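Under mature numbering (1 follows the signal peptide of the UniProt record, and there is no 0), residues -19 to -1, 1 to 590 are what the sequence shown spells out, in order. Accompanying notes for the structure given below.
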Amino acid sequence: MNIIGYILFFSSLVVSIAAEASSISQFHSLSYGKTIVSSPNRTFELGFFHLGNPNKIYLGIRFKNIPVQNVVWVANGGNPINDSSAILKLNSSGNLVLTHNSMVVWCTSSPKEALNPVAELLGSGNLVIREENDTNQEAYVWQSFDYPSNTMLSGMKVGWDLKRNLSIHLIAWKSDDDPTPGDLSWGVTRNHYPEIIMMKGTKKYHRLGPWNGLRFSGQQDMKPNPVYHYDFVSNKDEAYYIWTLNHSDLINKVVLNQTRLERPRYKSMAENNWETYVDDLDLPLLDFSIVMAATDNFSEVNKIGEGGFGPVYWGKLATGLEIAVKRLSQNSGQGITEFVNEVKLIAKLQHRNLVKLIGCCIQKKEKILVYEYMANGSLDYFIFDHAKGKSLDWPKRLCIICGIARGLMYLHQDSRLRIVHRDLKGSNVLLDDDFHPKISDFGMAKTVGREEIEGNTNKIVGTFGYMAPEYAVDGKFSVKSDVFSFGVLLLEIICGTRNRRQYHGKQYNLVDHAWTQWKLNRALQIIDPNIEDSCIDSEILRCIHVGLLCVQQYPEDRPTMTSVVLMLESEMELDVPMQPAVFMRKESVERSSRSSCSTNAMTITLVAR
């Protein structure tokens, strides 16, 4: 690129950055097609939009990178604009004024004035007017959080500012595509003993209260949870309800619809779908002091592992029960979503081949999961070490293979939820005293509906070498993705080597090596020398055959885990496998900042059918 090209490139970059300002001054205006973006997180944007009818245009705040269900505040809900000629300006007295054809459509009104006013969209989604050099919250001239629409965000107060005699309450829209204020409202009463109340017009529709210092009477116990915490403040100056997210990696909303206040919903910015936290998990909450005592104050001597979630410690409760303690690292960006996912999914799963979650600790900034302790550690500790692998003869390995298969069959078919693990590998299979396997680490897992064929995600997570091709390339996952991972793991258990190892300079990995030897009728040559004396040839060959069926290129060609269990535990006739997809790792290249791995980080050799 020549010098002129560099100048043009950097000039366009400056223009692009300037176009995403987070504030409006007296010298600037906002028109249709332009936005201001929240600083510093770029989560929200203020601008003009329509909700299906192009002749009804609104000024409002919405989530920037979420295509649906993204509006959180509307200025002119009851007074839409019919074309794109409206202008938003900040006047000299410090008020925002929205005009259309020289007529005022909407404006702020505050008894305060600012000498050098600026309107700024904060990272919380709060639009504020303040003095240019004064960021003190108490000095805001005006803020949208005082005049909410139908959506409550983290950090927003709902209640009364008694000094200003201002009621801060949610008002439902008339419909999902009409933000005109409806009949339903949700707020706090101005009593000596405040109550949360829902009004339908002028009549009480529903109430919680009064506040007894711990919760609103008539409300079930509000248990601590890993997603958000809540509080109620009542004094001579204000009475309000507030809830706050526990981690900056998440975004949230609570919507008052036409009939009720919805459950709080949250999501990671990297994911497509909103989640609703379910707090009826019947999971014991352990005090932090108990966990500290059990782990000897998280002693390094007791540390038995570390992952993306954080460190894992061995511990012993006062009852004598040995436990494994996963402590969320406060520096972990993805850890909070894994924590929530694991609590939601595994708390209600019970199967002999799934690790048991005993309880959790949610206290201040601590988020801890407590599991039953598996004395023999993880499967990879044995199968990839020749000396340690001698502890696993063929009968033990066959038992492990069948146990993993039964655990996956339960997740896919028999559990209350249909779950795709998405990260099945040796390090996520734990072994008890008798080497019985238990699948662990559900932080990456996803639920799919009984009738759903597959799901899709923008955030590809997992481990290279175990990912099914359709997931690694397109982000499409299904129960058949787990079947592929199981096939890889099965071959690793038999061979005692990792899939990503290269063989003889020609075969890309273990799957390719196993397929090549299978075609040449030399499949027995790939088995781990540690099991040569204890294995039964017919059992080994059958397992290799099943493994190759599981790693077929196309999901529809792979068996279900129910079929896999039948294949392993019977002498039913097996289909002839076709050539599987072959993976070869290359230099890691990031596809996007929101991906945990890269499509370009591998070459996939696809074989024509």
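All C-beta atoms in this analysis are idealised placements derived from N, C-alpha and C, irrespective of residue type, glycine included. Just so you know, these numbers come straight off a predicted model, no measurement behind them.
{"Asked": "DSSP state of Q533 mapped onto helix, strand, coil", "Found": "coil"}
{"Asked": "Length of the line joining the Cα atoms of A449 and K346", "Found": "36 angstroms"}
{"Asked": "Rounded straight-line distance, which links the Cα of Y452 to that of A386", "Found": "20 angstroms"}
{"Asked": "Those runs of the alpha helix (DSSP H) which lie wholly inside the stretch 104 to 153 and span at least 4 residues", "Found": "none"}
{"Asked": "Beta carbon of Y209 nearer than 9 angstroms to that of L226", "Found": "yes"}
{"Asked": "C-beta atoms of P418 and N480 nearer than 9 angstroms", "Found": "no"}
{"Asked": "Local conformation of V18 per DSSP, three classes", "Found": "strand"}
{"Asked": "For C88: DSSP bridge partner residues", "Found": "V78"}
{"Asked": "Exposure label - A67; buried when at least 16 CB within 10 Å", "Found": "buried"}
{"Asked": "Validate contact between the stretch 159 to 167 and the stretch 51 to 65 using beta carbons, cut 8 angstroms, 3 pairs", "Found": "yes"}
{"Asked": "P558 burial status per 10 Å Cβ neighbour count (16 or more: buried)", "Found": "buried"}
{"Asked": "Same chain, Cβ closer than 7 angstroms to P21, neighbours up to 5 away in sequence not counted", "Found": "G104"}
{"Asked": "C-beta contact flag for E323 and D404 at 9 angstroms", "Found": "no"}
{"Asked": "Buried/exposed call for L266, threshold 16 Cβ in 10 Å", "Found": "exposed"}
{"Asked": "Residue closest to G140, alpha-carbon to alpha-carbon, out of S515, R523, I223, N254", "Found": "I223"}
{"Asked": "Supposed contact pair I525 and L472 - C-beta distance, whole angstroms, cut 8 angstroms", "Found": "7 angstroms"}
{"Asked": "Sequence-distant residues of the same chain with beta carbon closer than 8 angstroms to S91, five excluded per side", "Found": "G75, N76, I110, V122, W123"}
{"Asked": "Under 9 angstroms between C-beta atoms of S4 and A100", "Found": "yes"}
{"Asked": "Where K184 falls: helix, strand or coil (DSSP)", "Found": "strand"}
{"Asked": "The stretch 123 to 136 touching the stretch 233 to 242, judged by at least three CB pairs closer than 8 angstroms", "Found": "yes"}
{"Asked": "Three-state secondary structure assigned by DSSP to A589", "Found": "Note that A589 scores a pLDDT of 34, beneath 50, so its modelled location is shaky and nothing firm can be said."}
{"Asked": "Straight-line gap, N46 to D127 (C-alpha atoms, nearest Å)", "Found": "25 angstroms"}
{"Asked": "Euclidean distance between Cα positions of T170 and W154", "Found": "21 angstroms"}
{"Asked": "Opposing strand residues paired with S249 [DSSP bridges]", "Found": "L231"}
{"Asked": "Three-state class that DSSP yields for A275 in the structure shown", "Found": "helix"}
{"Asked": "Member of M548, V336, I271, I381 whose CA lies at the smallest distance from the CA of Q344", "Found": "I271"}
{"Asked": "With 16 other Cβ atoms within 10 Å as the buried cut-off, status of Y211", "Found": "exposed"}
{"Asked": "CB contact flag (I149, Y221, <9 angstroms)", "Found": "yes"}
{"Asked": "K371 classed as buried or exposed, judged by whether at least 16 other C-beta atoms fall within 10 angstroms", "Found": "exposed"}
{"Asked": "Assigned secondary structure, residue 626 (DSSP; H/G/I helix, E/B strand, else coil)", "Found": "The question about residue 626 has no answer here: the residues shown for the chain are numbered -19 through 590."}
{"Asked": "Which listed residue (G106, T240, G468, R399) has its alpha carbon closest to that of S166", "Found": "T240"}
{"Asked": "Sub-9 angstroms separation of D268 and G296 beta-carbons", "Found": "no"}
{"Asked": "Residues sharing a beta bridge with E243, DSSP", "Found": "E243 pairs with nothing; no bridge assigned."}
{"Asked": "Continuous beta strand (DSSP E) stretch holding I209: start and end", "Found": "The displayed chain sequence assigns Tyr, not Ile, to residue 209. Note, Y209: beta strand (DSSP E), 209 to 215."}
{"Asked": "Inter-residue spacing [alpha-carbon to alpha-carbon] between residue 605 and R43", "Found": "Residue 605 cannot be examined here, being either before or after the span of the chain that is shown, -19 to 590."}
{"Asked": "Inter-stretch contact at 8 angstroms, needing at least 3 Cβ pairs: the stretch 507 to 517 / the stretch 393 to 413", "Found": "no"}
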